[in-house]
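Numbers 1 to 147, taken from the working numbering, label the letters of the sequence shown in order.
Glycine included, each C-beta is placed from N, C-alpha and C at the ideal position.
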Amino acid sequence: MKKIVKKVLIAGTFDLLHPGHLYLIQEAAKMGDVYVIVSTDKNAEKFKNYQIIVPEDQRLEVIKNIKNVKEARLGRSDNDTLKTVGEINPDIILLGPDQKYDLEILKRELIEKGLTHITVKRLDTYYDKYKLHSSSLIKKKIVEQFK
C-alpha cells in the first residue's frame, strides 16, 4: 500500500536567506512534502513596512532550488492571500516562530474559506545558533559596516 505523504505549506519573504529559513524548511520536511509561498514585493513591503532588498523573482528562484522544497510559487499581490493556500490545498500550514500571523485568526479565516481540513502549527523552536540569525540582523550589520 502506498504511503500518503502530507503537504506542508510554509510562507515568507525570504529576503536575505539565512539558516533560520533553512531550519524551517527542514522541520517542515519532517512532516511531509514542502510547498512554499514566497511573498510578492508589494505584499512584503506592505506587511514589513520597509523596502525589500532582493526582488521577488530572485527570491523565488533561490527557494525553488533548496533541498526539500517540492514546489515554490509567488503569492498574490491582491488581498486574497488564502486563494493560493486553497490552490495548493495543504494538510498542514507551518508558521515560523517569529512570523507575526495569529494562529486563531488564520484558523478562523481558513474555516471561512471552507479549508477546514488544514492543521495550523507554529514551529516553537527559534534557530539562533549564529549571531546573524535573521534578515534584519544581516541588514543592520551591512548598514553598520558600510557607513
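Alpha carbon to alpha carbon, how far is Gly114 from Glu144? Taking the first residue of the sequence shown as 1, we reach residue 114 at position 114. Taking the first residue of the sequence shown as 1, we reach residue 144 at position 144. Taking the straight line from one Cα to the other gives about 48 Å.
Can you tell me whether Val5 is helix, strand or coil according to DSSP? Sequence index remark: in the sequence shown, residue 5 carries index 5 (1-based). Note: Val5 maps to coil in three-state DSSP.
Is the CB-CB distance between Ser135 and Thr40 below 9 Å? Here the question's residue 135 lines up with position 135 in the sequence shown. Here the question's residue 40 lines up with position 40 in the sequence shown. Contact: no.
Given Leu123 as reference, the closest of Asp57, Lys7, His21 once Cα atoms are compared: The residue you call residue 123 lines up with position 123 of the sequence shown. The shortest Cα separation from Leu123 among Asp57, Lys7, His21 belongs to His21.
Where the beta strand (DSSP E) through Val36 begins and ends: As a working mapping, residue 36 is identified with position 36 in the sequence shown. Where Val36 is concerned, the enclosing beta strand (DSSP E) stretches over 33-38.
Taking contact to mean at least 3 C-beta pairs separated by less than 8 Å, is the region 102-111 in contact with the region 25-32? By the Cβ rule, the region 102-111 does not count as touching the region 25-32, because fewer than three pairs are nearer than 8 Å.
Taking DSSP as the reference, what is the three-state secondary structure of Arg76? The residue you call residue 76 lines up with position 76 of the sequence shown. Arg76: coil per DSSP, three-state reduction.
Cα-Cα, which of Lys129, Ile92, Tyr130, Asp128 is closest to Val34? Stepping through the sequence shown from its first residue, residue 34 is reached at position 34. Considering only alpha carbons, the answer is Ile92.
So, is Asp80 buried or exposed, given that buried needs 16 or more other C-beta atoms within 10 angstroms? The residue you call residue 80 lines up with position 80 of the sequence shown. The residue in question, Asp80, is exposed, as its Cβ has fewer than 16 Cβ neighbours within 10 Å.
Considering only C-alpha positions, which residue in the set Thr84, Ile88, Asp15, Lys2 is nearest to Asp57? Numbered from its first residue, the sequence shown carries residue 57 at position 57. Of Thr84, Ile88, Asp15, Lys2, the residue nearest in Cα terms is Asp15.
Based on the DSSP secondary-structure assignment, which residues constitute the bridge partners of Glu71? What you label residue 71 is simply residue 71 of the sequence shown in a count that begins at 1. For Glu71, which the question treats as bridged, DSSP gives the partners Tyr35.
Using CA coordinates, which residue listed in Ile118, Val54, Pro97, Ile53 is at the minimum distance from Asp128? Taking the first residue of the sequence shown as 1, we reach residue 128 at position 128. Ranking the options by Cα distance to Asp128, first place goes to Pro97.
Below 7 Å CB to CB, which residues in the same chain sit around Ile52 once its five sequence neighbours on both sides are set aside? The residue labelled residue 52 in the question sits at position 52 within the sequence shown. Once the five neighbours on either side are set aside, the close Cβ partners of Ile52 are Thr13, Asp15, Asp41, Ala44, Glu45.
Determine the direct distance from the alpha carbon of Tyr23 to that of Leu137, and round the result to whole angstroms. Here residue 137 refers to the residue found at position 137 when the sequence shown is read from its first residue. Here residue 23 refers to the residue found at position 23 when the sequence shown is read from its first residue. Approximately 17 Å between the Cα atoms of the pair.
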